[in-house]
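Beneath this line is the structure, given in structure tokens, with notes to follow.
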Amino acid sequence: MYTIPNTLKREIEAFSREITDFQSGTIEPVKFKAIRVPMGIYEQRNNGTYMVRARCAAGVISPAQLLGVARIAAKHGCEPIHFTTRQELQFHNVSLEQTPAILAELYDLGLSSRGGGGNTVRNIMASEDAGIATGEEFDVTPYAVALTNTLIAEPDSWSLPRKYKIAFAGNESDNANALFNDLGFLATTLNGEKGFKVFLGGGLGSKPSAGNLLFDFLPASDILYVAEAVKQLFSEHGNRRNRHKARIRYIFYKLGVEKVFELFHGYFNQLKQERKYPLNLPEMPASTSQPNRLAHDGSRAFTLWAQRYVNEQRQQGLYSVEIPFEHGMAGAKTLERLSQILIPFGPGCLRLTMRQNILLRNIPGDQLQSLFHLLNTIGIEISSPRILNSLVACTGADTCRLGICLSKGASKAIKSRLSTLDKLTLDKVSNFRINLSGCPNSCGQHQVANLGFYGRASRNERLYPAYYVTLGGQTGWGIARLGEMIGQISARDLPVFAAEVIELYASRKEAYDGFDSYLQAGGEKEIGQLLKKYDEVPSFEEDKNYYFDWGAQELFSLTGKGQAECSAGMFDMIDFDRDFILELQKKIKESFHETATSQLLYEVVFHASRMLLVTRGIEPKNREEVFTAFKDDFIREGHVDMKFGPVVQLALKNPEGNFQEYQGLIFELASSVIELYNSMDDSLQFKVKQVKPKSESPENEAQEKRFKDFRGVACPMNFVKTKIELAQMHSGEFLEILLDDGAPINNVPGSVRGEGHDVSEVKNVENYWSVLIRKK
1 MYTIPNTLKR
11 EIEAFSREIT
21 DFQSGTIEPV
31 KFKAIRVPMG
41 IYEQRNNGTY
51 MVRARCAAGV
61 ISPAQLLGVA
71 RIAAKHGCEP
81 IHFTTRQELQ
91 FHNVSLEQTP
101 AILAELYDLG
111 LSSRGGGGNT
121 VRNIMASEDA
131 GIATGEEFDV
141 TPYAVALTNT
151 LIAEPDSWSL
161 PRKYKIAFAG
171 NESDNANALF
181 NDLGFLATTL
191 NGEKGFKVFL
201 GGGLGSKPSA
211 GNLLFDFLPA
221 SDILYVAEAV
231 KQLFSEHGNR
241 RNRHKARIRY
251 IFYKLGVEKV
261 FELFHGYFNQ
271 LKQERKYPLN
281 LPEMPASTSQ
291 PNRLAHDGSR
301 AFTLWAQRYV
311 NEQRQQGLYS
321 VEIPFEHGMA
331 GAKTLERLSQ
341 ILIPFGPGCL
351 RLTMRQNILL
361 RNIPGDQLQS
371 LFHLLNTIGI
381 EISSPRILNS
391 LVACTGADTC
401 RLGICLSKGA
411 SKAIKSRLST
421 LDKLTLDKVS
431 NFRINLSGCP
441 NSCGQHQVAN
451 LGFYGRASRN
461 ERLYPAYYVT
471 LGGQTGWGIA
481 RLGEMIGQIS
491 ARDLPVFAAE
501 VIELYASRKE
511 AYDGFDSYLQ
521 AGGEKEIGQL
531 LKKYDEVPSF
541 EEDKNYYFDW
551 GAQELFSLTG
561 KGQAECSAGM
571 FDMIDFDRDF
581 ILELQKKIKE
591 SFHETATSQL
601 LYEVVFHASR
611 MLLVTRGIEP
621 KNREEVFTAF
631 KDDFIREGHV
641 DMKFGPVVQL
651 ALKNPEGNFQ
661 EYQGLIFELA
671 SSVIELYNSM
681 DDSLQFKVKQ
691 VKPKSESPEN
701 EAQEKRFKDF
711 RGVACPMNFV
721 KTKIELAQMH
731 SGEFLEILLD
741 DGAPINNVPG
751 SVRGEGHDVS
761 EVKNVENYWS
771 VLIRKK
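Each residue of the sequence shown is one higher than the one before, counting from 1 in the UniProt record's numbering.
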């Protein structure tokens with residue numbers, strides 16, 4: 001159990017007052033968000049509903065605390081409780097008015113939500129089997145808790161450039177994902193002295209990386225100096241302007257390993273000289289259980305359960321038991337009854353796991369039989385193969401503002417499909433890791449899964465939910481690797497594909513040391529071939545199910561999501577239009593048919609016009625709305641040069657028109673939009689290049705005039721084409737056009753004057769007219 005800072009109670013009281021000020025309008029929303037999020041309170045997808053995240057250092061929570069958590073959830077109507085992949089717990093669907101009471105009640109239990117979000121020191125993780133694992137170097141739990149006690153008591157831990165994540169693992173196999181945290185510690189010993197291999201700059205999500213080896217052996221007594229030196233390095237060199245490039249690993253990307261290590265050692269050595277950081281290891285609760293041999297009635301159900309969910313500890317006669325919760329979701333009543341069952345086993349018998357389950361520990365062998373019956377009595381599902389109860393999925397678009405896909409719905413569909421397989425097959429792959437994230441941010445840790453998926457928005461005329469597929473992620477010193485992205489698949493096809501991968505690997509498993517060995521021996525190619533079967537997505541008319549996400553009642557859409565909530569989905573949509581433009585340009589260059597080329601050019605104008613509309617929250621219903629919105633929000637706003645306005649107007653008014661003569665301008669439009677996209681930062685802001693018109697000098701006036709023959713072109717297209725030509729010219733340049741007698745000569749010159757240009761000369765030539773225009 002960690003020690004709560006003595007300032008927290010005052011901070012909770014202050015937060016209650018700040019809620020009142022926010023609701024009265026005294027505090028602006030942006031400022032209040034900066035107060036609220038570091039308190040561990042996030043607004044959910046539905047405006048006005050919130051999530052509260054509580055810190056559980058090293059995943060430690062006592063049965064009494066868990067009982068209190070269950071009662072808080074029941075009292076405030078915010079169940080189920082959610083266990084996270086960082087060994088924390090969350091309350092969902094909380095009103096803002098409820099949060100002060102929940103924080104105060106957590107405080108009374110010895111739990112804090114402070115640092116559950118924001119640019120802070122986040123929950124420090126540790127191996128879930130720390131202290132009981134047969135192969136560990138030593139128990140890392142006290143070190144994780146000691147570091148927590150120090151860091152959460154320091155004011156500068158709450159004002160960092162971005163989140164600061166730390167993890168401890170009991171040995172080099174790294175079952176705590178320490179190598180993929182900002183700061184990771186792997187327990188080791190040297191000549192009998194306890195210490196750690198230390199890694200810096202790891203992380204999942206955008207531009208992921210394993211950490212860089214900072215110390216091959218660090219005496220355990222120095223961990224506080226290291227964590228504090230990293231915090232100072234991060235605070236002074238982290239990117240505070242761009243939160244998307246603000247994690248510690250981006251300092252490495254910018255400065256390089258050698259320079260970052262040089263900076264670190266400067267802070268580290270200075271701290272060693274100037275400050276004393278005594279390592280006060282807390283005394284962890286001792287087991288109150290009396291070890292005893294395994295005893296049971298020999299039933300088939302008990303035997304299967306024990307094989308799947310029970311492991312012998314290094315303490316003879318004691319066992320650990322995994323209690324599964326689908327997606328880490330547990331009802332208040334279930335947790336209340338479970339806590340009451342576990343209180344006799346002592347305060348140290350529980351850990352939250354990174355697969356969103358609970359691990360019981362220190363259970364005597366002769367108590368397993370009764371525990372088995374009690375778990376069945378309170379409704380915990382323990383009869384299925386372990387792989388079915390260890391699927392990991394983040395909350396996804398159910399509640400998260402960043403979520404693109406309903407990852408929990410997809411996970412349920414995978415479980416349902418896997419349930420149709422032979423149980424012997426599933427038991428062969430009981431430790432196989434399938435992880436899903438609803439977006440690229442990797443809250444579901446898909447990048448370190450054997451088989452990972454992360455959500456994206458794809459398009460086949462209509463938007464449909466899809467996932468990128470990753471293979472072969474694993475942890476461990478010397479073997480850590482991120483899953484490799486091998487393609488994408490529709491959400492609808494994902495469960496069938498996952499089941500096929502499991503069946504395939506189970507049939508090959510005995511010939512290999514593990515999944516990684518199988519992949520290296522040709523398994524990746526085999527799985528890639530399976531994935532290719534799902535390249536084609538039927539149209540909406542052929543099968544509308546592809547256009548609904550798992551568990552959704554409405555068609556898949558990004559409508560209603562603000563910029564901060566769905567930027568990753570936006571980039572998927574933008575990339576689709578960009579890639580399609582490039583493909584169209586390739587076809588145009590290879591085309592020799594004028595009509596086909598003109599239609600392809602029209603499509604370029606359409607996709608260029610639509611490409612960035614989503615960045616402004618615009619989802620047009622038809623092509624006319626695309627062109628109109630592009631003119632209003634990009635051309636008139638100055639993001640795109642006004643010279644492209646007429647060709648967009650041509651596409652709006654006459655899709656069947658002749659676009660071939662404007663190929664150069666249309667290609668320039670496409671390049672301009674793509675360049676604008678490339679200049680866009682992660683907050684969807686553009687760096688607009690200002691086009692400076694040439695000065696109106698005699699030299700410009702003397703330039704050779706342009707010439708266009710618009711005889712035979714009816715109104716209003718003759719004026720539209722005139723506008724397109726003028727849009728490509730600089731101020732002061734001249735354009736001569738030829739017009740037919742009648743309506744053309746009666747209308748076009750006046751319309752040109754109406755645009756502000758100077759009609760310098762109108763001259764009759766036999767049965768047509770010559771008009772000389774000077775651009776404004």
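By construction, the Cβ of each residue, glycine as well, lies at the ideal position given by its N, Cα and C atoms.
*Using the C-alpha atoms, what's the distance from residue 115 back to residue 476?*
28 Å
*Let me know the secondary structure DSSP gives residue 769 once reduced to three states.*
strand
_Helix, strand or coil, according to DSSP, for residue 485 in the structure here?_
strand
*Buried or exposed: which applies to residue 642, given that a residue is buried once 16 or more other Cβ atoms fall within 10 Å of its Cβ?*
exposed
_Based on DSSP bridge pairs, tell me the residues matched to residue 320._
311
*For residue 364, which residues from the same chain have a beta carbon less than 8 Å from its beta carbon, with the 5 sequence-adjacent residues on both sides left out?*
289, 290, 291, 292, 317, 318 and 319
*Find out if the Cβ-Cβ distance for the pair residue 451, residue 501 is shorter than 8 Å.*
yes
*What is the DSSP secondary structure of residue 553, counted as helix, strand or coil?*
coil
_My parser needs the beta strand (DSSP E) runs of 3 or more residues fully inside the stretch 44-127; what are they?_
50-54, 81-83 and 89-94
*Whose C-beta lies closer than 6 Å to the C-beta of residue 530 among residues of the same chain, with five residues either side of it excluded?*
500
*Span separating the alpha-carbon of residue 391 from that of residue 680*: 36 Å
*Put residue 598 into one of helix, strand or coil per three-state DSSP.*
helix
*Beta-carbon separation of residue 121 and residue 51 under 8 Å?*
no
*Between the Cα of residue 483 and the Cα atoms of 462, 457 and 519, which residue gives the shortest distance?*
519
_Secondary structure of residue 474, DSSP reduced to three states_ = strand
_Which residue marks the beginning of the alpha helix (DSSP H) containing residue 10, and which one marks its end?_
8-24
*For residue 441, which residues of its own chain have a beta-carbon under 7 Å away from its beta-carbon, when the five flanking residues on both sides are left out?*
205 and 402
*Relative to the C-alpha of residue 137, which residue among 453, 170, 239 and 614 is closest?*
170
*7 Å Cβ shell around residue 547 - same chain, five flanking residues per side excluded*: 462, 464, 540, 555 and 556
*For residue 217 versus residue 188, is the C-beta spacing smaller than 8 Å?*
yes
*In three-state DSSP terms, what is residue 263?*
helix
*asked:* Check this for me: beta carbons of residue 59 and residue 126, under 8 Å apart or not?
replied: yes
*Specify the secondary structure class of residue 775 as computed by DSSP and reduced to three states.*
coil
_Bridge partners - residue 758, DSSP secondary structure assignment_ = 774
*Give the DSSP-derived three-state secondary structure of residue 246 in the structure shown.*
coil
*residue 383: which of 333, 769 and 300 sits nearest, CA to CA?*
300
*Delimiting residues of the beta strand (DSSP E) encompassing residue 198*: 193-200
*Drop a sphere of 10 angstroms on the beta-carbon of residue 11, count the other beta-carbons inside from all chains shown, and report buried for 16 or more, exposed for fewer.*
buried
*Taking the alpha-carbon positions, what's the residue 564 to residue 407 distance?*
At residue 564, the pLDDT of 38 sits below 50, so the modelled position is not reliable and the matter cannot be decided from this model.
_Beta-carbon proximity of residue 620 to residue 613, cut-off 8 Å_ = yes
*Cα separation between residue 601 and residue 527?*
39 Å
*Do residue 72 and residue 18 have their C-beta atoms within less than 8 Å of each other?*
no
*Kindly indicate which three-state DSSP category residue 138 falls into: helix, strand or coil?*
coil
*asked:* Less than 6 Å between C-beta atoms, sequence neighbours within five positions excluded: which residues of the same chain meet that for residue 252?
replied: 201 and 260
*Below 7 Å CB to CB, which residues in the same chain sit around residue 4 once its five sequence neighbours on both sides are set aside?*
107, 110 and 112
*Note down the Cα distance separating residue 664 from residue 244, rounded to an integer number of angstroms.*
36 Å
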